[in-house]
Amino acid sequence: MEVEWRISQGLTAYPDALAEMRGRAAAIRAGNTDEAVWLVEHPPLFTAGTSARAEELFNPAGFPTYEAGRGGQWTYHGPGQRTAYVMLDLTRDHGQVRARDVRSYVEGLEEWLIRALDRFNVRGERRQGRIGIWVADRAAGTEAKIGAIGVRVTRWVSWHGAALNVEPDLVHFDGIVPCGVREHGVTSLHALGIPATMAEADAALRQAWGEVFAVPTRAVRPLPDWRSPSR
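Numbering (my numbering), first residue to last: -16 to 214.
Encoded structure:
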């Protein structure tokens, strides 16, 4: 079985993404379509997970905010950030990811980002008690988040997924307490001095996918039900 690998051009409206993921997850659950990984960029916006607190949203720029329905707290999405929506049937194993094990699935997403970052000679790390991927400056004694994880599982089909900061405007993250963590900042490949393109980040994600999930991917052309509004 293959996973459809889709890359949308331009900026995808967040309500459209929610609708498409919801429909795709239902079709996977019904056995009517293949699993999918959908790579998008969004216009600047904030999404609230099920644990989001109103006092952790500041939003001085007045970006749109959305209830995401995923786990976690506040997250920023915007241009220069690669958001990966992963829709898998978790009733079966996927490489390192054990069937019917949400923790194993989250660890698989983290490992996926870590291995993608490794292709840019960036050491991504986990932190106990914090979901996501971090990079450390041990000489300065600081660290920052470069990759976020936020998932939802409905009747053992996953949706939502992960986000990798390639070249977003990091000032935009000041509008929230990212994922509820106040004491650490956020970073990106470009902020680390790595001028990676989005296409290069996509290639790294695709190469790392098979190492973790052990499921081949099949690129497909965008179809009408995977809308991608132009910039």
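All residues carry an ideal CB built from backbone N, CA and C; glycine is no exception.
Going by DSSP in three states, residue i sits in which element: helix, strand or coil?
i: HIS155; result: helix
i: PHE196; result: helix
i: ILE116; result: strand
i: MET70; result: strand
i: ARG75; result: coil
i: SER87; result: helix
i: ALA202; result: strand
i: GLU3; result: helix
i: ARG110; result: strand
i: ARG(-11); result: strand
i: TRP22; result: In the sequence as presented, Trp is not what sits at residue 22; that position holds Leu. DSSP places LEU22 in strand when its eight states are reduced to three.
Have a look at the options and flag the residue whose alpha-carbon is nearest the alpha-carbon of residue i.
i: GLY(-7); options: VAL23, ARG113, PRO161 and ALA119; result: VAL23
i: GLU194; options: ARG65, GLY91, TYR59 and ILE159; result: GLY91
i: ALA99; options: TYR(-3), ARG121, ARG12 and ASN148; result: ASN148
i: VAL160; options: GLY52, ILE(-10) and GLY32; result: GLY32
i: GLN111; options: VAL164, ALA202 and GLU(-15); result: VAL164
i: ILE270; options: PHE41, VAL198 and ALA182; result: Outside the shown range of the chain, which is -16 to 214, sits residue 270, and nothing can be said about it.
i: PHE103; options: ALA9, ILE129 and HIS167; result: ILE129
So, under 8 Å CB-CB, residue i and residue j are touching, yes? Tell me the CB distance rounded to an integer number of Å.
i: GLY45; j: ARG135; result: The Cβ separation is near 27 Å, so there is no contact.
i: GLU(-13); j: VAL203; result: 5 Å
Next on the checklist: Below 8 Å, how does it come out for the stretch 180 to 190 and the stretch 48 to 68: are there three or more Cβ pairs, yes or no?
Outcome noted: Counting C-beta pairs with one atom in each stretch, the stretch 180 to 190 and the stretch 48 to 68 have three or more that are closer than 8 Å, which means they touch.
Next on the checklist: Tell me whether the stretch 128 to 145 and the stretch 3 to 19 touch, counting them as touching only if at least three CB pairs, one residue from each stretch, are closer than 8 Å.
Outcome noted: By the Cβ rule, the stretch 128 to 145 counts as touching the stretch 3 to 19, because three or more pairs are nearer than 8 Å.
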